[in-house]
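Q:
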Amino acid sequence: MNVLVIGNGGREHAILLALKKSKRVEKLYCMKGNAGTAQIAENVNVDYMNVGAVKAYVSAHPEIDYIVVAPDDPLALGLVDELEAMGKRCFGPRKNAAVIEASKAFSKNLMKKYGIPTAEAETFTDYDKALEYVRRKGAPIVLKADGLALGKGVLVCNDLKQAEEGLKEIMLDKTFGSAGNVILIEECMRGLKYTPGEEVSVLAFCDGKTIVPMITACDHKRANDGDKGLNTGGMGTFSPCPFWTKELETEVYEKIMLPTMNAMNAEGRTFKGCLYFGLMRTDKGMKVVEYNSRFGDPETQVILPMLKTDLLDIFEAVTDERLGDIKIEWETGACVCVVLASGGYPLGYRKGLEIEIGDTCGCEIVHAGTAVKDGKLVTSGGRVLGVVAKGKTVEEARKKAYKAAGNIKFENKHLRTDIGVKYREG
Ligand code: AMP
Ligand code: GLY
713 MNVLVIGNGG REHAILLALK KSKRVEKLYC MKGNAGTAQI AENVNVDYMN
763 VGAVKAYVSA HPEIDYIVVA PDDPLALGLV DELEAMGKRC FGPRKNAAVI
813 EASKAFSKNL MKKYGIPTAE AETFTDYDKA LEYVRRKGAP IVLKADGLAL
863 GKGVLVCNDL KQAEEGLKEI MLDKTFGSAG NVILIEECMR GLKYTPGEEV
913 SVLAFCDGKT IVPMITACDH KRANDGDKGL NTGGMGTFSP CPFWTKELET
963 EVYEKIMLPT MNAMNAEGRT FKGCLYFGLM RTDKGMKVVE YNSRFGDPET
1013 QVILPMLKTD LLDIFEAVTD ERLGDIKIEW ETGACVCVVL ASGGYPLGYR
1063 KGLEIEIGDT CGCEIVHAGT AVKDGKLVTS GGRVLGVVAK GKTVEEARKK
1113 AYKAAGNIKF ENKHLRTDIG VKYREG
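Heads up: take any position in the sequence shown, counting from 1, add 712, and you land on our numbering.
Next comes the structure, spelled out in structure tokens:
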């Protein structure tokens, strides 16, 4: 089969690396891709947010049998619906199901209606009413712009002054654009053992009839060591989550995963694809922080390398609604991804800086913001590369990843030195 993966980042490179292992894959394509995807797939220089252009390309390439839509924006736009209408088989939710990520107000109402555990919240469109509510509730309090804001539309406010300023930024100054037309004001959840609360990402394959969790992962969202600095798309991940247990898995499956799949069915919004549960362990049990309608980035980089089952088999089983018939198997052990970013990220940074990759020490180098210019590998984004290492334990994997990370050079390279070091139990 010939498979097209839509997206440009580390997640897409990781999906392509997993698909490349499939015996049934003949040729891979990536729209638009990066310098890493170009090594294993044909990069297609088409803007995937331009539905007409994507359709024109797909019509002109009938040899493409299957399409994976990976990023949130084209899913929210309804690209899967458009491609299916052309008779193409796809992996990814339709527009009416992708709303579970695209609107935080929608997902909050869904959880309320179906009794899925999450932080208490109220939705506002009126600034004065929102301000009155914030003052009444007091800090700490969490403000969330409703729409997609590149993971940056969430403010965890520790005091009232911060909350009042944040409210003004989102609702009046429109820092996150139209994503801030509707705002959610949430109770600040507390972790069972750690402050801020301990978080885990659980991704699941879902075909609307069956939902199968993957192995767990933890993300490091802040730019600097010790969870300091600005929120980013993710500076590194590790798998498995140290505080995860069989009991938690059962609790999450019964109280969160299955009820979410059933709720989406009941709403006439059957979810088919990868459903991502951002969860927090609190003193009142596991709660949902957020849903994503797609694979996480950089979670995918530490999850898919551990998959033993053919990824294309799983994708097709989801499309054909026979996920319950296949067995999904994982390697034991651990996996760590250390992100190498451009200095300055998530704010301004330079591009076009030459990258030198030395001894990779047996790690997989997953490309995110890279390009080839005049025959040379250069930086082209905020998150440049992910160094992915496997080991018997997280500690073993992280040592290996950092050794290889030290052998990769570009000007202003920025990385956290504490990926994999959190939530250590015992
Ligand atoms: P989100 O984009 O909704 O995942 O939020 C980004 C981050 O903000 C999460 O990963 C949490 O660390 C934090 N956060 C979001 N909602 C809450 C909440 N209700 N209580 C405490 N922290 C939260
Ligand atoms: N790593 C978080 C996300 O993909 O949203």
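The beta-carbon is built from N, C-alpha and C at its ideal position, and this holds for glycine as well. All values reported here derive from a predicted model rather than from experimental measurement.
1) Which partner residues does W1042 have in the DSSP bridge list?
2) Taking 8 Å as the threshold (C-beta atoms), are C1073 and K1115 in contact?
3) Assuming V780 contacts L787 (C-beta within less than 8 Å), just tell me the rounded distance between them.
4) Would you tell me roughly how many angstroms separate the C-alpha atoms of E876 and E844, rounded to the nearest one?
5) With a cut-off of 8 Å, do at least 3 Cβ pairs link the region 929–940 to the region 1114–1133?
6) So, helix, strand or coil for H932, using DSSP?
7) Residues around the ligand PLP, please: the condition is that the C-beta lies closer than 5 Å to some non-hydrogen atom of it.
8) Since V1099 contacts I1077 with CB under 8 Å, what's their CB separation in whole angstroms?
9) Assign M992 to one of three DSSP states: helix, strand, or coil.
10) Could you tell me which of V1000, A1117, N808 sits nearest to V914, measuring between CA atoms?
11) In terms of residues, what are the limits of the beta strand (DSSP E) holding H1079?
12) State the start and end residues of the unbroken beta strand (DSSP E) segment that holds G948.
13) Check whether the Cβ atoms of Y1135 and C918 lie closer than 8 Å to each other.
14) Among residues of its own chain, excluding the 5 on either side of A809, which ones have a beta-carbon nearer than 8 Å to its beta-carbon?
15) Going straight from the alpha carbon of Y1139 to that of N974, what length do you get?
16) Taking the straight line between their C-alpha atoms, what separation do you get for M947 and V1050?
17) For I923, I'd like the list of residues in its chain whose CB is within less than 6 Å of its CB, leaving aside the five on either flank, ordered along the chain.
18) Using 8 Å as the threshold, is the C-beta distance between I727 and L1016 below it?
19) Measure how close the beta-carbons of M713 and L1024 come, nearest whole angstrom, since I'm counting them as under 8 Å.
20) D1086 and R723 - do their beta-carbons sit closer together than 8 Å?
21) Can you check DSSP and say which residues form a bridge with C986?
22) Give every residue of the same chain whose Cβ lies closer than 7 Å to the Cβ of F955, excluding the five residues on either side of it in the sequence, and list them in chain order.
A: Based on what the coordinates show:
1) According to DSSP, which records beta bridges pairwise, W1042 is partnered with L1019.
2) Yes; because the gap between Cβ atoms is below 8 Å, this pair is in contact.
3) The C-beta distance from V780 to L787 rounds to 11 Å, too long to meet the 8 Å contact threshold.
4) If you take the alpha carbons of E876 and E844, they lie about 10 Å apart.
5) With the cut-off at 8 Å, the region 929–940 and the region 1114–1133 touch.
6) The answer is coil: DSSP assigns H932 none of H, G, I, E or B.
7) The model on display carries the ligand AMP and the ligand GLY but not the ligand PLP.
8) Yes, V1099 and I1077 are in contact; Cβ-Cβ is about 6 Å, under 8 Å.
9) If DSSP states are grouped into helix, strand and coil, M992 belongs with the strands.
10) For the residues V1000, A1117, N808, the minimum Cα distance to V914 belongs to V1000.
11) That run of the beta strand (DSSP E) goes 1076–1079.
12) Counted as a single uninterrupted DSSP element, the beta strand (DSSP E) harbouring G948 occupies residues 948–951.
13) No. Outside cutoff.
14) M976, R981, T982, F983, K984, G985, S1005.
15) Outside the modelled stretch of the chain, which goes from 713 to 1138, sits residue 1139, for which no answer is possible.
16) Rounded to whole angstroms, the separation of the alpha carbons of V1050 and M947 is 7 Å.
17) Cβ neighbours of I923 beyond the five flanking positions: A916, M969, M973.
18) Cβ atoms of I727 and L1016: closer than 8 Å.
19) A Cβ-Cβ distance of about 7 Å is found for the pair M713 and L1024, placing them in contact under the 8 Å criterion.
20) Going by C-beta atoms, R723 is not nearer than 8 Å to D1086.
21) As DSSP reads the structure, C986 sits in a beta bridge with F917.
22) Closer than 7 Å at the Cβ level, and outside the excluded window around F955, lie E910, R993, Y1135, E1137.
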